[in-house]
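K.L.:
Chains A and B supply the protein sequences, listed in that same order.
Take the first sequence: its letters are residues 1 to 563, numbered as in our numbering.
Take the second sequence: its letters are residues 1001 to 1431, numbered as in our numbering.
Take this structure, written in structure tokens, and hold onto it; I'll ask about it next.
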Amino acid sequence: MKLELRGITKRFGSLVANDHIHMVVQAGEIRALLGENGAGKTTLMNVLYGLVQPDEGEILIDDRPVTIRSPRDAIGAGVGMVHQHFMLVPVFTVAENVTLGAEPVSRIGVPEWAVRRLHLPRLSVPSPGLLDRRVARASVRDLSQRYGLRVDPDAYVEDLPVGVQQRVEIIKALLRDASILVLDEPTAVLTPGETEDLFAIMRQLRDSGHSIVFISHKLREVQAIADNITVIRRGKVVAERPPTTSDAELAALMVGRTVQLRVSKQAASPGEVVLDVRDVSVQGEHGELAVRSISFDVRAGEILGIAGVQGNGQTELCEALMGLRPATGSVLLAGQEIGGATTKDRLLAGIGYIPEDRQEDGLVAPFTVADNLVLDVYDRPPYAAGLVMNPDAIRQAAVRLVDEYDVRTSSVLTSAGTLSGGNQQKVVVARELSRPNKLLLASQPTRGLDVGSIEFVHSEIVKQRDQGVAVVIVSSELDEIFALSDRIAVMYEGKIVGICPPDIPEQDLGLLMAGAVTADALAGAQGDTQGNGGQTHPPAADQLLQTAPLAADATEPQAEEPA
Amino acid sequence: MSDIPVVAPDPVPTETPEPARSRPRLTGAVLIQAITEGSSAVITILAIFLALVVGAVLIVFSDPVVTRAWGSLFAHPGYALGQTWHAVSFAYAQMFEGAILNPSTVSAAVHGGSVGAIFYPLSATCAQATPLILTGLAVAIAFRAGLFNIGAAGQWVGGAIVATWLGFGVSLPPVIHVIVCLLGAFVGGAVIGWFVGLLKARTGAHEVIVTIMLNFVMYDLLSYLLSHHGMLQEPKQTNQVAPFLANDANLPHVGGPPPQVGVGFLIAVAAALAVAWLLSRTTTGFEFRTVGASPTAARSAGINVERSWVLVMLLAGGLAGLSAAAVIQGTNTQLTFNSYGTYGPDGITVALLGRARPMGVVLAGLLFGALHVGGTYVEAATLGQVPANIVQVLEGLIVLFVAAPALIRVVFRLRATAGTGMEAVAKGWNG
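Take a look at the structure:
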């Protein structure tokens, strides 16, 4: 079905969230809606889904104006929505979840055998309250097959990986005959592999005539999947572009100024070993061995990127390094064993820590920005003298940091939870980088941030490196790993499967992350191809990749290389 | 989530809250946030008003004259409404006179009577409020560190036992005796609270279960001690009473004859001020609040969460112990099994009504103290027709309405603030 938005305007008080938005999505088209956080993408989609009523403008479906006052109207009009945060009941099966709200009921009547044997009439009535699980399962299976969704109808949702849960949401929409699908930041929670699977599904849906609106702020994904791109900024449509448009142009349209997509950085000049991790093993949440005897070291003035698909032990490794999770093995910070130290001691010893989940671990949402800025130094002078805190000093420091790190907030006494994601992360970054650090440990430092904020956080991290801080970046975003790392360590199933230089080809890194090849095999294969291709530097292949057992020793000569 | 454009170059507040994480948050933390920040002062006042309205209906039902008048509502509507007004206004007026100010004492004072008599109701209210404020603080301070202290009752017993024993069993010089008893009560309660905190910190035992179970243990321990000679029972008695405290162990009163302010009340207010100072001005208080708002963020920031739990439960227990001292040393002069009362559970309601803030707890304690005093007074004034228990219904309703701010908004047609309205819509669908 064709979807047309005409002059949609929505105001919240004095803020114009959507300003006369025009957009036409043809049947069988994937339309990307690209914009920064807060540009008005989600408001627009809430208008389309009936969660918000527009102040002006109209929605046309197949050239007929429709009134959408509620999600029920939207579903009736053929619009289906997959929210960023899934609305599934974890303890229900897939089949139960997808039929929730439109449960098929059993029919009570003359049984089939009686119809056949006794030639009774085929009479039946729907029985309210009796769930027909068979029908539910069959429809899930049918949809799964038709669109390659691969979902087991009897699996419990809580047991499914996030990517599959998302497919359940898509099936839910399709089951209600949605021909216009809205996907709100669908890749935010997915691994690279899962994202590929999702894109395949989206293409299949498009080819069967569905219209898809794909909301995102990730340039690469938009370029990869969209047929057309609508860029919105501050509530207005600023451009429509084909997917062949360059990164730089899209980013500039999105942010309203030219953006450096890749931080400019000089080659690293590594110094002394700052962090030395030897044979560290960590138990996971359920007693499994999440990190298995890992060894690596990081030098002053270099960035080690730890790449890997989420859930391969990175979280546990970071928590262990911070003393938040018990670990075996030895961790030396500037030559001093900190393996048994408390989190506080490690912070004091000079580790800056940007946790993976800023909302849960990095910030206290109800606290003011000022309090959050001293969250791990609240008991040090000048913020406290003995037991008594000094609110004035805290406020003054906050005013200075907010200015220095460009945190957009109305006041330092605003609660941190009301800030946008980018500004929340700036608060965490400001707090952790304003201390004299020896080591910076940053886990997923730009997850969920828009281009402008990513640029800022990346340049701050590089600044730290240039000041001689050893930096460890854990990220599942390949872009980030490539943008920042001076060396890349790849984690797979709790082990470091290779430590590579930053110019390793992207596919090779992808293969390592997927555990599809070992660093050994990859190095061997590359040696072969390079040999066959008549390359003049066959030894480069050996140098390119080092295997896990060698990694610890091999880093030494490597570290001297880049300079 | 609402998506509001942000003007990029100038420092405009970005009021787009981060969408809530899909990871389910601790329900406890959410609940505590709802308690401490959920409802405004307006909601609280309206909740009290609404409770009084519902209470009025109960008063009407408990008065046979009025119910009979309602039987002939259509024949004599004026009579029925008049009787209703009379019954309700009389009951509430009596409650006010008993708990706050009796106008007749004022006119008596003008004509040469006792000026002190004017303040008699207020001093009774303060006396009633004292233990409520202290147990309220015991619950509130734990709330702020993210713990549900249901065990104020058990901690109260801990304080009561020590204070009583020190009060009659030890002889000390006058002023020192009072202070030692008070400290003993604090320690007695603190030990019980500390034990709860320790169990949580070491083994992860949930404090709600531990405190409820300890309440049973302490209740029966009190019963045992008070029914065995050689323990705490008064040797010449077969009832569950302890000996009277030594005279110099009782809390003095300030202000001479009858209308006095007990030192206990001053201690309660001082304790509230101390808790307020601790929470807002000290590193320990900052730790408590951080642990309460987000234990994971606290841990990441290097705060020793377990230590905070133990410490806050210790302080909470101590405050509950002081509540026992205020009762035994302040008003009863003797521990009896009836002293136990309902201070523990009342502390929870006081803390809820006071939104877990020390000054809120003082105000809530005073309100409940006034209701207790007024309830007894109105029962006497109506010769038992309006039972004193009605104030417990009122208390229950007030807390219930405060806990359900949405209900108050509907009843009084209050509009939710602009921002939250949108969020509520979006949250409804976005989780």
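Every residue, glycine too, gets a C-beta built ideally from N, C-alpha and C.
At a Cβ threshold of 8 Å, is Ala1293(B) touching chain A?
P.N.:
For the purposes of this step, residue 1293(B) is identified with residue 293 of the second sequence, where counting begins at 1. Taking Cβ atoms only, chain A reaches closer than 8 Å to Ala1293(B), which makes this a yes.
K.L.:
Report the partner residues of Thr9(A) according to the DSSP bridge assignment.
P.N.:
Translated into positions along the first sequence, residue 9(A) becomes position 9. DSSP output for Thr9(A) lists Glu56(A) as bridge partner(s).
K.L.:
Just to check my reading of the structure: Leu1122(B) and Thr1164(B) have Cβ atoms closer than 8 Å, yes? What is that Cβ distance to the nearest angstrom?
P.N.:
The residue labelled residue 1122(B) in the question sits at position 122 within the second sequence. The residue labelled residue 1164(B) in the question sits at position 164 within the second sequence. 29 Å between Cβ atoms; not a contact.
K.L.:
Just checking my contact of Ser443(A) with Ile354(A) at CB under 8 Å: how many whole Å lie between their CB atoms?
P.N.:
To locate residue 443(A), count along the first sequence from 1; it is residue 443. To locate residue 354(A), count along the first sequence from 1; it is residue 354. Sure, about 6 Å apart at Cβ, within 8 Å.
K.L.:
Considering only residues of the same chain and omitting the five flanking positions on each side of Tyr405(A), which have a CB-CB separation below 7 Å?
P.N.:
In the first sequence, counting from the first residue as 1, residue 405(A) sits at position 405. Result list for Tyr405(A): Lys426, Val429 and Ala430, in chain order.
K.L.:
With 16 other CB atoms within 10 Å as the buried threshold, where does Lys172(A) fall?
P.N.:
As a first step, residue 172(A) must be located in the first sequence, where it is residue number 172. Result: buried.
K.L.:
Are there 16 or more other CB atoms within 10 angstroms of the CB of Asn18(A), so buried, or fewer, so exposed?
P.N.:
Mapped onto the first sequence, residue 18(A) falls at position 18. By the 10 Å Cβ count, Asn18(A) comes out buried.
K.L.:
Assuming Ala1099(B) and Ala1320(B) make a contact with CB atoms under 8 Å, what is their CB distance in whole Å?
P.N.:
The residue labelled residue 1099(B) in the question sits at position 99 within the second sequence. The residue labelled residue 1320(B) in the question sits at position 320 within the second sequence. About 25 Å separates the two Cβ atoms, so there is no contact after all.
K.L.:
Run the CB neighbour count on Ile461(A), radius 10 Å, all protein chains shown included, and call it buried at 16 or more, exposed below.
P.N.:
Residue mapping note: residue 461(A) aligns to position 461 of the first sequence, counting from 1. Buried, since its Cβ has 16 or more Cβ neighbours within 10 Å.
K.L.:
Just to confirm the assignment: which complete beta strand (DSSP E) runs, minimum length 3, are found wholly within the region 1230–1312 of chain B?
P.N.:
Runs found: 1241–1244.
K.L.:
Need the endpoints of the beta strand (DSSP E) that Ile303(A) sits in, please.
P.N.:
Locating residue 303(A) in the first sequence gives position 303, where the first residue counts as 1. Here the beta strand (DSSP E) through Ile303(A) covers Ile303 to Ala307.
K.L.:
Using DSSP with H/G/I as helix, E/B as strand and the rest coil, what is Ile1100(B)?
P.N.:
As a working note, residue 1100(B) is residue 100 in the second sequence. The answer is coil: DSSP assigns Ile1100(B) none of H, G, I, E or B.
K.L.:
Identify the contact partners of Gly362(A) in chain E, using a Cβ-Cβ distance below 8 Å as the criterion.
P.N.:
Reference to chain E is not applicable here, since the protein chains of this structure are A and B.
K.L.:
Using Cβ-Cβ distances below 7 Å, what residues of the region 375–391 of chain A are close to chain B?
P.N.:
Result list: Leu375, Asp376, Tyr378, Asp379, Ala384, Leu387, Val388 and Met389.
K.L.:
DSSP three-state label for Val16(A), please.
P.N.:
The residue you call residue 16(A) lines up with position 16 of the first sequence. Looking at Val16(A) - three-state DSSP - the assignment turns out to be strand.
K.L.:
What's the C-alpha gap between Arg6(A) and Leu60(A)?
P.N.:
As a working mapping, residue 6(A) is identified with position 6 in the first sequence. As a working mapping, residue 60(A) is identified with position 60 in the first sequence. In a straight line, the C-alpha of Arg6(A) is about 8 Å away from that of Leu60(A).
K.L.:
Alpha carbon to alpha carbon, how far is Ala470(A) from Asn437(A)? Give it in angstroms, no decimals.
P.N.:
By one-based count along the first sequence, residue 437(A) stands at place 437. By one-based count along the first sequence, residue 470(A) stands at place 470. Cα to Cα, Asn437(A) sits roughly 9 Å from Ala470(A).
K.L.:
Could you name each continuous alpha helix (DSSP H) segment of 4 residues or more that falls completely within the region 449–479 of chain A, going from the start of the chain to the end?
P.N.:
Qualifying alpha helix (DSSP H) stretches, in chain order: 451–466.
K.L.:
Take Ile180(A) as the anchor and find which of Leu198(A), Val24(A) and Leu324(A) has the nearest alpha-carbon.
P.N.:
Walking along the first sequence from the start, residue 180(A) turns up at place 180. Looking at the Cα atoms, Val24(A) is the closest of the given residues.
K.L.:
What did DSSP end up calling Glu356(A) once you bin it into helix, strand or coil?
P.N.:
Numbered from its first residue, the first sequence carries residue 356(A) at position 356. Glu356(A) falls in the coil class under three-state DSSP.
K.L.:
Note down the Cα distance separating Asn1389(B) from Met1359(B), rounded to an integer number of angstroms.
P.N.:
If you number the second sequence from 1, residue 1389(B) lands on position 389. If you number the second sequence from 1, residue 1359(B) lands on position 359. Roughly 27 Å between the two C-alpha positions.
K.L.:
Can you check whether the CB of Gly422(A) is closer than 8 Å to the CB of His217(A)?
P.N.:
On the first sequence, position 217 is the one that residue 217(A) refers to. On the first sequence, position 422 is the one that residue 422(A) refers to. Cβ atoms of His217(A) and Gly422(A): not closer than 8 Å.
K.L.:
Since I believe Phe86(A) is in contact with Glu169(A) (beta carbons under 8 Å), could you give me their beta-carbon distance rounded to a whole number of angstroms?
P.N.:
Counting from one through the first sequence, the residue named residue 169(A) turns up at place 169. Counting from one through the first sequence, the residue named residue 86(A) turns up at place 86. Indeed, because the Cβ distance is near 5 Å, the residues count as touching under 8 Å.
K.L.:
Name the residues in the region 1263–1283 of chain B whose C-beta lies less than 8 Å from a C-beta of chain A; which are they?
P.N.:
Residues passing the 8 Å Cβ filter: Arg1281, Thr1282 and Thr1283.
K.L.:
Is the region 1349–1356 of chain B touching the region 1364–1375 of chain B in the sense that three or more CB pairs, one from each, lie closer than 8 Å?
P.N.:
Verdict: yes, contact present.
K.L.:
Which one of Val1157(B), Val1175(B) and Ala1142(B) has the shortest CA to CA distance from Val1208(B)?
P.N.:
Taking the second sequence and counting its residues from 1, the one referred to as residue 1208(B) is at position 208. Among Val1157(B), Val1175(B) and Ala1142(B), the Cα nearest to that of Val1208(B) is on Ala1142(B).
K.L.:
Which of the three DSSP states, helix, strand or coil, is assigned to Phe214(A)?
P.N.:
Looking up residue 214(A) in the first sequence gives position 214. If DSSP states are grouped into helix, strand and coil, Phe214(A) belongs with the strands.
K.L.:
Does Thr1290(B) come within less than 8 Å of chain A when only Cβ atoms are used?
P.N.:
Counting from 1 along the second sequence, the entry for residue 1290(B) is found at position 290. Cβ-Cβ to chain A under 8 Å: yes for Thr1290(B).
K.L.:
Between Pro366(A) and chain B, is the shortest Cβ-Cβ distance under 8 Å, so that the two count as touching?
P.N.:
Position 366 of the first sequence holds residue 366(A). Interface residue, yes.
K.L.:
Establish whether the CB of Tyr492(A) and some CB of chain B are separated by less than 8 Å.
P.N.:
The residue labelled residue 492(A) in the question sits at position 492 within the first sequence. Not closer than 8 Å to any Cβ of chain B, the Cβ of Tyr492(A) fails to qualify, so no.
K.L.:
For the alpha helix (DSSP H) holding Glu196(A), just list the boundary residues, first then last.
P.N.:
Taking the first sequence and counting its residues from 1, the one referred to as residue 196(A) is at position 196. Residues Pro192 to Asp207.
K.L.:
Near Tyr1079(B), what residues of its chain come up, given a Cβ to Cβ distance below 7 Å and the 5 sequence neighbours on each side ignored?
P.N.:
Translated into the one-based positions of the second sequence, residue 1079(B) becomes position 79. For Tyr1079(B), where only same-chain residues beyond five positions count, the Cβ hits under 7 Å are Ala1069.
K.L.:
Could you tell me whether the Cβ of Tyr353(A) comes closer than 8 Å to any Cβ of chain B?
P.N.:
Indexing the first sequence from 1 puts residue 353(A) at position 353. Yes, Tyr353(A) lies at the interface with chain B (some Cβ there is under 8 Å from its Cβ).
K.L.:
CA-CA distance, Met1(A) and Asn46(A)?
P.N.:
Start at 1 with the first residue of the first sequence, and residue 1(A) comes out as number 1. Start at 1 with the first residue of the first sequence, and residue 46(A) comes out as number 46. Going by the C-alpha atoms only, they are around 19 Å apart.
K.L.:
What are the boundary residues of the beta strand (DSSP E) that Leu439(A) is part of?
P.N.:
As a working mapping, residue 439(A) is identified with position 439 in the first sequence. From DSSP, the beta strand (DSSP E) with Leu439(A) extends over Leu439 to Ser443.
K.L.:
Nearest by alpha-carbon distance to Val33(A): which of Gly101(A), Gly78(A), Leu120(A) and Val182(A) is it?
P.N.:
On the first sequence, residue 33(A) is found 33 positions in, with the first residue counted as 1. It should be noted that the sequence gives Leu, not Val, for residue 33(A). Selected option, being the one with the closest Cα: Val182(A).
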